[in-house]
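> Dropping the structure in here first, questions after.
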């Protein structure tokens, strides 16, 4: 009985901070610094209501602010080379299309390849967890700058390098209208093998290692996710209710330059011989949850990597971990 009283006493001290996050609603400002229009798309995580706007157009130099509730989590991306069919009225994009036939994505995911900004505002410990991901490929340079948040890891992230210019020919996506390379596929999307997709026998951090292709992405964009378990150098956190500025095609003065310092095309072989930042695959302070939702099932079927690229846990995961640890401690060291 004394053990149970101690357990409940400890829980009364540990659980409230986990559930009272103090996170305020977030404001996301999306800015188009490209020399062409960009159509941002927005998708909420599973179990979270879609925002009032899930797609719109930004002309060059335009920006738009989107407000979210404090418990929001989801992803944002840019669509390019979009047009409306004059006969059918159907809207579609060459890259990042969400398949609704309209500007609004309305709960649909981006079809890869697409550069993704992912965030969970009410993550473990009341922190916002965010990243820029190339796991589903790349279509646009993107820079994310937190504004007003606190913490040593509350900092700029993104991929400002033009990966389309560095993309190996076997991964490149071209526009039938003659616009050249418009996107760069991930190796998982292109080849579909378990080794590249971190699935099957390669579904753990110990068995799924960086490939020559993901290392190519990592060298060019060292702060962005390059494959499913690229966590230590690619996940960022903010406390204090930060707002976020997401810039498409950031200018050189505000962008993170390629770690190689060169725009010379890179080959997988040369990337494999380089020494990229060595990722630590699982952060033991996080519990990983599959970022799946029924609305994106069609795009997931063509992108197995999406099954493994995950969002961070909610406070309840931390509570469960603490309860489990305390229980094991009391069972092995009874009073």
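Numbering (UniProt numbering), first residue to last: 1 to 335.
Note that beta-carbon positions come from the ideal geometry of N, C-alpha and C, so glycine has one too.
Please name the residue in 79, 171, 230 and 152 whose C-alpha comes closest to that of residue 103.
In the chain shown, counting from the first residue as 1, residue 103 sits at position 103. Residue 103 has its Cα closest to that of 79, out of 79, 171, 230 and 152.
> Would you call the CB atoms of residue 196 and residue 211 closer than 8 Å?
The sequence position of residue 196 within the chain shown is 196, counting from 1. The sequence position of residue 211 within the chain shown is 211, counting from 1. Yes, the Cβ-Cβ distance between residue 196 and residue 211 is below 8 Å.
> Express the C-alpha separation of residue 189 and residue 300 in angstroms, rounding to a whole number.
For the purposes of this step, residue 300 is taken as residue 300 along the chain shown, with counting starting at 1. For the purposes of this step, residue 189 is taken as residue 189 along the chain shown, with counting starting at 1. With a pLDDT of only 36 at residue 300, under 50, the local geometry of the prediction cannot be trusted, and the value read off the model is given with reservation. Answer to the nearest angstrom: the Cα atoms are 10 Å apart.
> Using only the alpha-carbon positions, how far apart do residue 42 and residue 36 sit?
Taking the first residue of the chain shown as 1, we reach residue 42 at position 42. Taking the first residue of the chain shown as 1, we reach residue 36 at position 36. So the two alpha carbons sit approximately 19 Å from each other.
> Is the beta carbon of residue 113 closer than 8 Å to that of residue 136?
Along the chain shown, one-based indexing puts residue 136 at 136. Along the chain shown, one-based indexing puts residue 113 at 113. Going by C-beta atoms, residue 136 is nearer than 8 Å to residue 113.
> Name the residue from 95, 87 and 69 whose alpha carbon lies nearest to the alpha carbon of residue 39.
The residue labelled residue 39 in the question sits at position 39 within the chain shown. Nearest C-alpha to residue 39: 95.
> Return yes when the Cβ of residue 126 is within less than 8 Å of the Cβ of residue 237, no when it is not.
Within the chain shown, the letter at position 237 stands for residue 237. Within the chain shown, the letter at position 126 stands for residue 126. No, these two residues do not count as a Cβ contact at 8 Å.
> Specify the secondary structure class of residue 32 as computed by DSSP and reduced to three states.
Along the chain shown, one-based indexing puts residue 32 at 32. Reduced to three states, the DSSP call for residue 32 is strand.
> Spatial neighbours of residue 221 within its chain, please: C-beta separation below 6 Å, excluding the five flanking residues on both sides.
Residue mapping note: residue 221 aligns to position 221 of the chain shown, counting from 1. The answer, listed in chain order, is 159 and 161.
> What separation, rounded to the nearest whole angstrom, lies between the Cα atoms of residue 47 and residue 69?
Start at 1 with the first residue of the chain shown, and residue 47 comes out as number 47. Start at 1 with the first residue of the chain shown, and residue 69 comes out as number 69. Answer to the nearest angstrom: the Cα atoms are 14 Å apart.
> According to DSSP, is residue 195 helix, strand or coil?
In the chain shown, counting from the first residue as 1, residue 195 sits at position 195. Residue state, collapsed to three classes: helix.
> Check the DSSP bridge columns for residue 172 and list the partner residues they point to.
For this step, residue 172 is matched to residue 172 along the chain shown. The partner list for residue 172 (beta bridge, DSSP) reads 184.
> Counting only the same chain and skipping the five closest in sequence on each side, list residues whose C-beta sits under 8 Å from that of residue 58.
Here residue 58 is taken as the residue at index 58 of the chain shown, counted from 1. The residues are 30, 31, 32, 37, 38, 39, 40, 64 and 248.
> Taking DSSP as the reference, what is the three-state secondary structure of residue 140?
As a working mapping, residue 140 is identified with position 140 in the chain shown. Three-state result, residue 140: coil.
> Out of curiosity, what's the CA-to-CA distance linking residue 175 and residue 184?
As a first step, residue 175 is located in the chain shown; it is residue number 175 there, counting from the start. As a first step, residue 184 is located in the chain shown; it is residue number 184 there, counting from the start. Residue 175 and residue 184: Cα-Cα distance of roughly 12 Å.
> Using only the alpha-carbon positions, how far apart do residue 84 and residue 204 sit?
Against the chain shown, residue 84 aligns to sequence position 84. Against the chain shown, residue 204 aligns to sequence position 204. Near 42 Å, if we compare the C-alpha coordinates of residue 204 and residue 84.
> With C-beta atoms as the reference, is residue 243 less than 8 Å away from residue 147?
To locate residue 243, count along the chain shown from 1; it is residue 243. To locate residue 147, count along the chain shown from 1; it is residue 147. It is a contact, given that the beta carbons lie within the stated cut-off.
> When DSSP builds the beta bridges, which residues end up paired with residue 79?
Stepping through the chain shown from its first residue, residue 79 is reached at position 79. Beta-bridge pairing links residue 79 to 39.
> Near residue 250, what residues of its chain come up, given a Cβ to Cβ distance below 8 Å and the 5 sequence neighbours on each side ignored?
Residue mapping note: residue 250 aligns to position 250 of the chain shown, counting from 1. Hits under 8 Å: 33, 141, 142, 143, 158 and 160.
> Mapping DSSP to helix, strand and coil, what is residue 91?
Start at 1 with the first residue of the chain shown, and residue 91 comes out as number 91. Strand at residue 91.
> What residues are listed by DSSP as bridge partners for residue 64?
As a working note, residue 64 is residue 64 in the chain shown. DSSP lists 30 as partners of residue 64.
> Looking at C-alpha atoms only, which residue of 99, 66, 187 and 163 is the closest neighbour of residue 50?
Along the chain shown, one-based indexing puts residue 50 at 50. The shortest C-alpha separation from residue 50 is found at 66.
> Is the beta carbon of residue 27 less than 8 Å from the beta carbon of residue 131?
As a working note, residue 27 is residue 27 in the chain shown. As a working note, residue 131 is residue 131 in the chain shown. No, the pair does not count as a contact, with Cβ atoms beyond the cut-off.
> Between residue 82 and residue 91, what straight-line distance do the alpha-carbon atoms span, to the nearest angstrom?
Counted from its first residue, the chain shown places residue 82 at position 82. Counted from its first residue, the chain shown places residue 91 at position 91. Taking the straight line joining both Cα atoms gives about 7 Å.
> The alpha helix (DSSP H) spanning residue 215 covers which residue range?
For the purposes of this step, residue 215 is identified with residue 215 of the chain shown, where counting begins at 1. Start and end: 212 to 220.
> Whole angstroms are fine: how far does the CA of residue 240 sit from the CA of residue 111?
As a position in the chain shown, residue 111 is number 111, starting the count at 1. As a position in the chain shown, residue 240 is number 240, starting the count at 1. Whole-angstrom Cα-Cα distance: 33 Å.
> From residue 101 to residue 191, what does the alpha carbon distance come to, in whole angstroms?
As a working mapping, residue 101 is identified with position 101 in the chain shown. As a working mapping, residue 191 is identified with position 191 in the chain shown. When rounded, the distance between both Cα atoms is 28 Å.
> State yes or no: is the C-beta of residue 52 within less than 8 Å of the C-beta of residue 72?
Working through the chain shown from its first residue, we reach residue 52 at position 52. Working through the chain shown from its first residue, we reach residue 72 at position 72. No, the Cβ-Cβ distance between residue 52 and residue 72 is not below 8 Å.
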